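The block underneath contains the structure these notes are about, expressed in structure tokens.
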Amino acid sequence: MIWFGQRVVLGIAGLSLLCGCTALSPTQSGAAESSGETRLLGIDDYFAIGEVGEPRISPDGRWIAYTVTTHDLVEDESRTRIWMVPAAGGDAIPLSAEGESSSSPRWSPDGKYLGFLTARDADAKAGKSQVWSLYREGGEAVQLTDVLQGVEAFEWSPDSKRLLLVVQDPKPELLEAKAAKEKGEVYEEKTPPPWVITRRQFKTDYVGYLDSRRNHVYVFDLASKQTNQITSGDFDDAQPAWSPDGTRVAFVSNRTEDPDANYNTDIWVVRADNEDRGAQLTQVTTNPAPDTRPSWSPDGQRIAHLANSGKKAYYAYNTNHLAVSASDGGNSKLLTQKL
């Protein structure tokens with residue numbers, strides 16, 4: 001969703017131009033057209049299809065960055081590449097390297113850079129993504145972050161001088177290896193300890209067993225390379241969004257007494273310059289169902305977000321609605337109940 005003056009523009013499934021689209025590669029589609037061949041789809045056709053997603057319009061409205069994910073049957077892996085196409089139409093331009101996976105394209109608000117996530121060199125072996133950037137006029141990609149455990153997600157600040165990072169707490173062995181390296185010692189990897197289940201939700205798809213490490217929000221200063229953690233606690237924090245003046249950050253978190261027992265994520269606000277790791281928070285929503293995807297109004301007084309208003313037992317199967325809440329908490333209003 002995007003604020004347009006005092007109105008909110010939202011995307012509805014089936015209406016977006018890029019996100020969720022699929023297409024055959026130019027070579028595959030051209031060959032089919034020239035031969036006039038009619039046949040059933042096969043396995044090779046599936047692997048020739050690219051999945052298009054994450055469209056991002058440049059601040060000047062001239063370019064659209066997006067991702068294309070392809071699947072390699074021989075290597076048994078998927079790769080995602082970032083492309084850019086003129087908003088008025090034209091040939092697409094590849095921005096990231098072909099043999100490496102890159103994701104989350106984000107234009108800097110000043111329009112000079114395109115940031116993205118990728119794992120390269122030593123980070124690729126460990127599967128740790130960092131934030132990199134490309135100068136729009138050309139040149140090689142530059143690594144911006146060097147976070148020990150990697151970066152899960154990021155967002156540019158309104159002045160393009162800082163980044164919001166979503167980072168998971170590091171594993172103990174990572175900290176031990178770092179300490180040994182700083183002392184000039186050789187770190188010997190230990191036999192992994194057995195999993196000790198301490199949570200109600202102990203396993204999830206694509207991740208496996210869960211431990212007590214959580215995702216939190218950090219502010220990264222591009223000039224000084226200093227990082228400040230602005231949220232903490234035994235909760236997962238996600239989807240951070242800068243206020244228009246860059247002084248506050250909205251984010252999504254389930255901060256109930258037992259987060260593993262329910263789906264009650266709410267929108268919260270924290271000061272971007274706080275030094276207490278988010279001890280002082282403003283709770284924006286109180287809906288017992290999930291609230292997600294915060295987006296600030298241009299004046300910073302309201303936050304648009306998705307709100308699930310269904311019955312408690314069926315949250316996962318209910319329709320999300322667009323809602324608007326006061327950024328200092330309360331006065332939530334559903335806008336799309338008739339859709």
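Quick note: the sequence shown uses the working numbering, first residue 1, plus one each step.
Glycine is no exception: its CB is placed at the ideal position from the N, C-alpha and C atoms.
Since this is a predicted model, take the numbers as computed values, not measurements.
Helix, strand or coil: how does DSSP classify Ile197 here? coil
Assuming the contact rule is C-beta atoms closer than 8 Å, Thr247 and Ala272 should be a hit. Round their C-beta distance to whole Å, please. 6 Å
Hey, how far is the Cα of Glu75 from the Cα of Arg56? 30 Å
According to the Cβ coordinates, are Leu144 and Val131 closer than 8 Å? yes
Tell me whether Ala289 is buried or exposed, calling it buried when 16 or more other Cβ atoms sit within 10 Å of its Cβ. buried
Alpha helix (DSSP H) segment containing Phe47, residue limits: Ile43 to Phe47
Beta-carbon contacts of Met84 that lie in its chain and below 6 Å, excluding the five residues immediately before and after: Trp63, Ala65, Ile93 and Leu95
Under the rule that 16 or more other beta-carbon atoms within 10 Å means buried, what is Val207, buried or exposed? exposed
Exposure label - Asn308; buried when at least 16 CB within 10 Å: buried
Exposure label - Leu175; buried when at least 16 CB within 10 Å: exposed
What first and last residue would you give for the beta strand (DSSP E) that runs through Pro172? Taken as a continuous stretch (DSSP letters only), Pro172 belongs to no beta strand (DSSP E), being part of the alpha helix (DSSP H) at Pro172 to Glu182.
Report the three-state DSSP secondary structure of Pro59 (helix, strand or coil). coil
Less than 8 Å between C-beta atoms, sequence neighbours within five positions excluded: which residues of the same chain meet that for Lys190? Glu173
Determine the DSSP secondary structure at Ala261, reduced to helix, strand or coil. helix
Within 8 Å, strictly: CB atoms of Pro109 and Thr67: no
Beta-carbon separation of Pro244 and Pro170 under 8 Å? no
With distances taken Cα to Cα, identify the nearest neighbour of Leu164 among Glu182, Asp299, Phe116 and Pro240. Pro240
Beta-bridge pairing of Leu306 - partner residues as DSSP gives them: Thr292 and Leu322
Does Pro26 come out as helix, strand or coil in the three-state DSSP assignment? Confidence at Pro26 is low in this model, with a pLDDT of 43, below 50, so the placement of that residue should be treated as unreliable; the coordinate-derived value is given next. Correct three-state label for Pro26: helix.
Compute the Euclidean distance between the alpha carbons of Phe116 and Ala88, then round it to the nearest angstrom. 23 Å
Other residues of its chain near Asp236: CB distance less than 6 Å, five sequence neighbours each side excluded: Arg214 and Asn215
From this set, Leu222, Asp258, Tyr187 and Ala323, which residue's C-alpha is nearest Ser297's C-alpha? Ala323
Three-state secondary structure (DSSP) at Cys21? Unreliable placement is indicated for Cys21, whose pLDDT of 47 sits below 50; the coordinate value is still reported in the next sentence. It is coil, neither helix nor strand.
Determine the closest residue to Arg81 out of Lys112, Ala119 and Tyr46, with distance taken between C-alpha atoms. Ala119
Is Ala32 helix, strand or coil when you go by DSSP? Model confidence at Ala32 stands at a pLDDT of 48, short of 50, so the residue's coordinates are unreliable; what they give is reported in the following sentence. Of the three classes helix, strand and coil, the one that applies to Ala32 here is helix, per DSSP.
Checking the sheet assignment: what are the DSSP bridge partners for Asn331? In DSSP, Asn331 forms no bridge with anything.
Measure the alpha-carbon distance for Asp211 versus Arg39 and round it to whole angstroms. 49 Å
By Cβ distance, which residues of its chain are closer than 6 Å to Asn274, with the 5 residues on each side in sequence left out? Ile230
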